[in-house]
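Peer 1: One structure follows; several queries about it will come next.
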Amino acid sequence: MVNIIWAMLAVIGIIFAAFNGTMKEVNEAIFATIDDAVMITLTMMGVLIFWLGLMRIAESAGLLQGLTNLFRPVVKKVFPEIPADHPALGYILSNMTANMFGLGNAATPMGLKAMKEMKELDSSGKASRSMITFLAINTSSITLIPTTVIAIRMKYGSVDPTAIIGTTIAATIFSTAAALIIDRYFHWKRTRVRRS
Amino acid sequence: MTLSIWIIPGLILLILLTATYKRVPTYERFVEGGKEGIELAISLLPFLIGMMVSIAVFRASGAMEAIITIFEPVTALIGMPKELLPLAFIRPLSGTAALGMTSELIKTYGPDSFIGNLASTMQGSTDTTFYVITVYFGAVGIKKMGDALKVGLLADLVGIIASIIIVTIVFG
Chain U
10 MVNIIWAMLA VIGIIFAAFN GTMKEVNEAI FATIDDAVMI TLTMMGVLIF
60 WLGLMRIAES AGLLQGLTNL FRPVVKKVFP EIPADHPALG YILSNMTANM
110 FGLGNAATPM GLKAMKEMKE LDSSGKASRS MITFLAINTS SITLIPTTVI
160 AIRMKYGSVD PTAIIGTTIA ATIFSTAAAL IIDRYFHWKR TRVRRS
Chain Y
2 MTLSIWIIPG LILLILLTAT YKRVPTYERF VEGGKEGIEL AISLLPFLIG
52 MMVSIAVFRA SGAMEAIITI FEPVTALIGM PKELLPLAFI RPLSGTAALG
102 MTSELIKTYG PDSFIGNLAS TMQGSTDTTF YVITVYFGAV GIKKMGDALK
152 VGLLADLVGI IASIIIVTIV FG
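Protein sequences appear in the order of chains U and Y. The opening position of the first sequence corresponds to residue 10 in the working numbering, with each subsequent residue numbered one higher. The opening position of the second sequence corresponds to residue 2 in the working numbering, with each subsequent residue numbered one higher.
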């Protein structure tokens, strides 16, 4: 899917430019953009080094674990099919806290472990209710600090690179809440069909 | 929003005070974790160059302008600037493509413009639905995904609409 979109963007662009007389602009855009991408990566590297360094301290100080415990009662309610002491809950929680702080690299292995544990609970080979809920939360991902976006804003000289933290948190709360509500609705629809 | 400028310094303060109190070797841990950032940024570079060049060709040729103008009546209906349509479309498909597109938009319209702020919020507030679903279900070998994709995409739509409304209230 992405392969086709990627190739088509360039192909359509070049063919369009041939008829539109904008080949000169296309040429300039190619080389200017390569330069831009490198510069953005450098800015991003700085932000990522700082942020991941800080997060390693937070982890060692037990702050991420503390947050995990804080969310446990809420998450238990969201996943009624997982027994309270099951390891799946722990992995789900670690995955959520890591995602929240932009630690995608740490979040994915935790998420995969959570999926494996949930599969143990339901051996039907189909996506279980808990799995769908877990993915719904993950795809709308609660974000607290959008580090890469802040880096890009810095690169292009924003007067206030972090101005969008507030709006991002607000938007992410809406989309996560929506994901949970939509998930519940589909679950309700599924069980209703089964009963009748 | 003046609250935003307090979030990062506040977090740094909280982390450093707690860590020092618990006798964590703060500076050493910082350097250790920071090294991961180098690898992460470098590994993103090929994705960014590939996507950004492709998008730049599409935009510079005039093709993007021609296509999004067709959809203008639809985007005007929900109060979204038409320039953001490609980002809204690609966000659930590919995270790095969306990142490339966000950079392009911020560069073209400026980070503090309405479009810049909205693109930043849209990029930051959701994740790549298709990627997450493919990786997570793929890893445990589940082919029947149930309603997962529907739920994810509908939530993305709500996220986009919420971003537009919130950014309009705060920056509009």
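Cβ atoms here follow ideal geometry from the backbone N, Cα and C, with glycine treated the same way.
(1) Quick one: is Thr21(Y) buried, meaning 16 or more other Cβ sit within 10 Å of its Cβ, or exposed?
(2) Check the Cβ of Trp15(U) against every Cβ in chain Y and list those closer than 8 Å, keeping chain order.
(3) Tell me which residue opens and which closes the alpha helix (DSSP H) that Pro82(Y) is part of.
(4) Would you identify the three-state DSSP class for Phe25(U), choosing helix, strand or coil?
(5) What is the residue span of the alpha helix (DSSP H) that Ser139(U) lies within?
(6) Tell me the DSSP secondary structure of Lys145(Y) in three-state form.
(7) Looking at Ala93(U) and Ala123(U), is the spacing between their C-beta atoms short of 8 Å?
(8) Does Tyr165(U) come within less than 8 Å of chain Y when only Cβ atoms are used?
(9) Taking 8 Å as the threshold (C-beta atoms), are Thr130(Y) and Ala180(U) in contact?
(10) Name, in chain order, the residues that DSSP records as bridge partners for Lys135(U).
(11) Would you mind sorting Asn78(U) into buried or exposed? The rule is 16 or more other CB atoms within 10 Å of its CB.
(12) Give me the chain Y residues within the contact set of Leu121(U), using Cβ-Cβ distance strictly less than 9 Å, ordered along the chain.
(13) Sort Ala188(U), Arg81(U), Met140(U), Glu126(U) by Cα distance to Asp128(Y) and report the nearest one.
(14) Are Asp113(Y) and Ser167(U) close, meaning C-beta to C-beta below 8 Å?
(15) Can you pull out the residues from the segment 71-90 of chain Y whose beta carbon lies closer than 8 Å to at least one beta carbon of chain U?
(16) Going by C-alpha distance, which of Leu18(U), Ala46(U), Ile66(U), Thr185(U) is nearest Leu14(Y)?
(17) If I follow the unbroken alpha helix (DSSP H) through Ala46(U), where does it start and stop?
(18) Between Ala186(U), Thr177(U), Ile161(U), Ile173(U), which has its C-alpha nearest Met53(U)'s C-alpha?
(19) To the nearest whole angstrom, what separates the beta carbons of Ser126(Y) and Ser184(U), a pair I think is in contact under 8 Å?
Peer 2: Answer, in terms of the structure:
(1) exposed
(2) Gly51, Met52, Ser55, Ala98
(3) Here Pro82(Y) belongs to no alpha helix (DSSP H), and DSSP marks it neither H nor E.
(4) helix
(5) 138-149
(6) strand
(7) no
(8) yes
(9) no
(10) Lys145(Y)
(11) exposed
(12) Val136, Tyr137, Ala140, Val141
(13) Ala188(U)
(14) yes
(15) none
(16) Ile66(U)
(17) 32-69
(18) Ile161(U)
(19) 6 Å
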